[in-house]
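When the letters of the sequence shown are read in order and numbered with my numbering, they come out as residues 383 to 673. Ideal Cβ positions, reconstructed from N, Cα and C, are used throughout, including at glycine. Just so you know, these numbers come straight off a predicted model, no measurement behind them. One structure is given below, encoded as structure tokens.
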Amino acid sequence: MTASSDYVPPKVWTWNKASGGRFASINRPIAGPTHEKELPVGRHPLQLYSLGTPNGVKVTIMLEELLALGHAGAEYDAWLIRISEGDQFSSGFVEINPNSKIPALLDRSGPTPIRIFESGAILVHLAEKFGAFLPQDPAARAETLSWLFWQMGSAPFLGGGFGHFYAYAPTKIEYAIDRYAMEVKRQMDVLDRRLADNAFLAGPDYTIADMAVWPWYGQLAKGLLYNAGEFLDVESYRNVNRWSEALFARQPVQRGRMVNRVTGDPSSQLHERHEAGDFDTRTQDKIAPAT
Ligand SMILES: N[C@@H](CCC(=O)N[C@@H](CS)C(=O)NCC(=O)O)C(=O)O
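The following block contains the structure:
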């Protein structure tokens, strides 16, 4: 690969498959399916197709929170989409998310199935469907949606920017790492100031905004993303840490974090979830043969 300082962009960009990086094998400049394959469908009205990344975890936390509140209609089947193997490009997945990214939800509770893609849209759909975690008071609702959309706009700088260049790019480019480290630290300071006077992002109540922001910034604050805790001095964001710990302590958050997870301790990985009992009987330490 050409060193970044020597690179002169050509007149017309062409796809260079050898560009490298951790996700080079699945990145491509065109959309649409690569192969024919239907998605599996389980017995519950809600069918989730996802992976336990921060974007996927937002939705499984919400579903587990709804179930913990007693909303039996939030029972769901969570199917594993292995993005490193290209499952997001199957014809069935592209039908429910033309953008080929997890998470995607199929709500089959009505006469015609409804597809929802983009984690923020899924959170709003579920919040409105069950009347939970999205306040009805106009000011509180506006604050919740503002922080929810803040996450949608901000996290690509954390994941696609900082995380990519710090952890995944084939070479360490100082300019890129500096640019995104600065932006991520600014974002952490935005959250830290907000959480100095508020228990949760939208105010006194726990909402879908917390569920969207926590898997990215709450886990970053605990040093769980990109092995970058020390580099970004995450411990200095005291209010973000206090808020992150409060969410970590919730059982639905712990459960949501396990669903469709394929890394980490085998006892924390529940590859597919079809009923509540799966947390006790279907984690990888229980179903995978010991090696
Ligand atoms: N804005 C989207 C982002 C979703 C996203 O980036 N998903 C990643 C995993 S965290 C993905 O599926 N990547 C597969 C690919 O890019 O091919 C959302 O919030 O749902």
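Assign residue i to buried or exposed, taking buried as 16 or more other Cβ atoms, counted over all protein chains shown, within 10 Å of its Cβ.
i, result
"R568", "exposed"
"T663", "exposed"
"V635", "buried"
"A460", "buried"
"T442", "buried"
"I669", "exposed"
"T682", "This structure cannot speak to residue 682, because the chain is shown only from 383 to 673."
"D560", "exposed"
"A578", "exposed"
"L428", "buried"
"M383", "Only weak support is given to the placement of M383: the predicted model assigns it a pLDDT of 49, under 50, and the value that follows is read from those uncertain coordinates. Exposed is the call here."
"T494", "exposed"
"M570", "buried"
"D388", "exposed"
"G434", "buried"
"I504", "buried"
"R643", "buried"
"S626", "buried"
"S536", "buried"
Can you tell me which residues form a DSSP beta bridge with residue i?
i, result
"D587", "Paired residue(s): none; D587 is not in a bridge."
"Q429", "D459, L488"
"H546", "DSSP lists no partner for H546."
"H417", "S472"
"L652", "V641"
"F582", "G585"
Let me make sure I understand the geometry here. Which of the options has the alpha-carbon closest to that of residue i?
i, options, result
"S528", "M444, I484, H417, A594", "A594"
"N621", "R575, L508, T416", "R575"
"G468", "G455, K419, L448", "K419"
"G513", "P597, I590, F544", "I590"
"A563", "T396, Q666, P538", "P538"
"I412", "P480, D519, E617", "P480"
"T416", "R425, S473, A631", "S473"
"H653", "L462, M534, L487", "L462"
"Q666", "S649, E657, R624", "S649"
"L430", "V390, P597, I478, R523", "I478"
"N623", "R523, E500, L602, S482", "L602"
"G638", "A584, E457, N398", "E457"
"L331", "W532, T553, Y550", "The structure shown has nothing for residue 331, since the chain only spans 383 to 673."
"G502", "Y548, L487, G492", "L487"
"P552", "L614, A406, K393", "A406"
"L629", "Q651, E617, W596", "W596"
"R404", "G545, R655, P586, A631", "G545"
Complete runs of the beta strand (DSSP E) confined to the stretch 461–536 [at least 3 residues]: Correct list: 486–489, 496–499.
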